[in-house]
Structure formats: C-alpha cells, structure tokens
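Numbering (my numbering), first residue to last: 59 to 225.
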Amino acid sequence: MFQTIGIGVTFSPNLTSNLFEAARLALMFESSLILIHVGPSSEEKIKKFQSILAPFVSQGLVYTTVFQPGDPVRSILKTVEEESIDLLILGALQRENFLKYYVGSIARKITRKVSCSLLLLIKPSEDRIPCEHIVVNGLLDDRTEHTINAAFAVGAALGSDKLTIVE
Numbered sequence: 059m060f061q062t063i064g065i066g067v068t069f070s071p072n073l074t075s076n077l078f079e080a081a082r083l084a085l086m087f088e089s090s091l092i093l094i095h096v097g098p099s100s101e102e103k104i105k106k107f108q109s110i111l112a113p114f115v116s117q118g119l120v121y122t123t124v125f126q127p128g129d130p131v132r133s134i135l136k137t138v139e140e141e142s143i144d145l146l147i148l149g150a151l152q153r154e155n156f157l158k159y160y161v162g163s164i165a166r167k168i169t170r171k172v173s174c175s176l177l178l179l180i181k182p183s184e185d186r187i188p189c190e191h192i193v194v195n196g197l198l199d200d201r202t203e204h205t206i207n208a209a210f211a212v213g214a215a216l217g218s219d220k221l222t223i224v225e
C-alpha cells in the first residue's frame, strides 16, 4: 500500500511515541521509513534516532534520516517530493472534541499542500494500541476516491472499528 513512509521529527516530548508509531506502520506495510528533521545534522541527533528505533531495526525496519535546512513547511514538502513519500506522518494535539484538532501552523500548512496521504497522530503511544477511529477528508477532489479507499485499507489493517468521512 505504501512504499515509503515519511515522518516529520522534532525533539518534542512525543518524539519516541511518534517514532514508535511510524516504525510499527512501516513494518506493518513493509515500507521504508524516512525521518525528516528540519535542522542541522549532528551525531547526537543520529544516535538518539538510532537508540529509539533499535528494537524495530532488529525486526527488519529500514529507515533513513533526511536533515533539511530552512523553512519547515517548504523543507518537509520538498522531501516528500524528492523521496517519493506515499504517506507522511505528523504529530498533532487533540482538543476536547475529537473532530476539533489543534494543529500547529506548520502541520496546518502542510495538510493543505502535501501531495501524498497524510496521517496526523493525535495520541501516539509507545505501546501498540488498536486504532478505534479514522477520520478522512472527503472533499471533492480527483484523489478523493483513492483517499477513501486507502483509508478503508489502512483501517482494516489497523483493526479500526469506525471510519468518518468529513468535508
């Protein structure tokens, strides 16, 4: 389903949970994983990623890290295109109502411009927790049918009980 999964990574409190979720999905879909970090490369950052992903590498995870300078939105979108990413994963924070998300300005801009499927993680976990509910954009677009079909396939793979299509 997805050949290449990308994840935007920052050194936030959710770094480990976000990487665990992305690594599990990459293994589940037999995809390669690309970590996208906007900022300079350093040995410390590389070692941190290696440390977090070591349990998944031992299970066959293949990943690379791309360090991009500059504006986060442009850098992430550029990497999506250059690396032919099929699925981009970004962290997001949830508000009181599950359909009302607080998405930072960077993630909000990326959701409007990205050319691939996008997964927003609202409750990332280090432990595998079944996905109960998937929300997918159903706005009229040339890619809508593909998007909804992909959402059903992902939902089935994740054991999701509910899929909501929003406009």
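Using N, Cα and C, we set each Cβ at its ideal position, and we do this for glycine too.
What you are looking at is a predicted structure, and each value in this text was computed from that prediction instead of being measured.
Residue i and residue j: beta carbons closer than 8 Å?
i           : j           : result
residue 60  : residue 144 : yes
residue 133 : residue 96  : yes
residue 65  : residue 85  : no
residue 114 : residue 81  : yes
residue 259 : residue 68  : It is not possible to answer for residue 259, since the shown part of the chain is limited to 59 through 225.
residue 176 : residue 198 : no
residue 179 : residue 76  : yes
So, with DSSP's three-state summary, where would you put residue i?
i           : result
residue 67  : coil
residue 213 : helix
residue 119 : coil
residue 109 : helix
residue 175 : strand
residue 208 : helix
Go ahead and label residue i buried or exposed: buried means 16 or more other beta carbons lie within 10 angstroms of its beta carbon, across all protein chains shown.
i           : result
residue 89  : buried
residue 149 : buried
residue 168 : buried
residue 111 : buried
residue 94  : buried
residue 212 : buried
residue 215 : exposed
residue 130 : buried
residue 72  : buried
From what residue to what residue does the alpha helix (DSSP H) around residue i run?
i           : result
residue 220 : That residue, residue 220, is in no alpha helix (DSSP H); its beta strand (DSSP E) goes 220 to 224.
residue 147 : Counting along the chain, residue 147 falls outside any alpha helix (DSSP H), though it belongs to the beta strand (DSSP E) covering 145 to 149.
residue 195 : Careful: residue 195 lies outside any alpha helix (DSSP H), inside the beta strand (DSSP E) at 191 to 195.
residue 163 : 163 to 171
residue 78  : 73 to 86
residue 132 : 130 to 140
Go to residue i, then tell me how far its beta strand (DSSP E) extends in each direction, as first and last residue.
i           : result
residue 180 : Per DSSP, residue 180 belongs to no beta strand (DSSP E) and is neither H nor E.
residue 93  : 90 to 96
residue 61  : That residue, residue 61, is in no beta strand (DSSP E); it is neither H nor E in DSSP.
Worksheet item: For the 8 Å Cβ check, are there 3 or more pairs between the segment 167 to 187 and the segment 116 to 136?
Response: yes
Discussion item. If contact is defined by three or more beta carbon pairs under 8 Å, each pair taking one atom from either stretch, is the segment 176 to 193 in contact with the segment 208 to 220?
Written reply: yes
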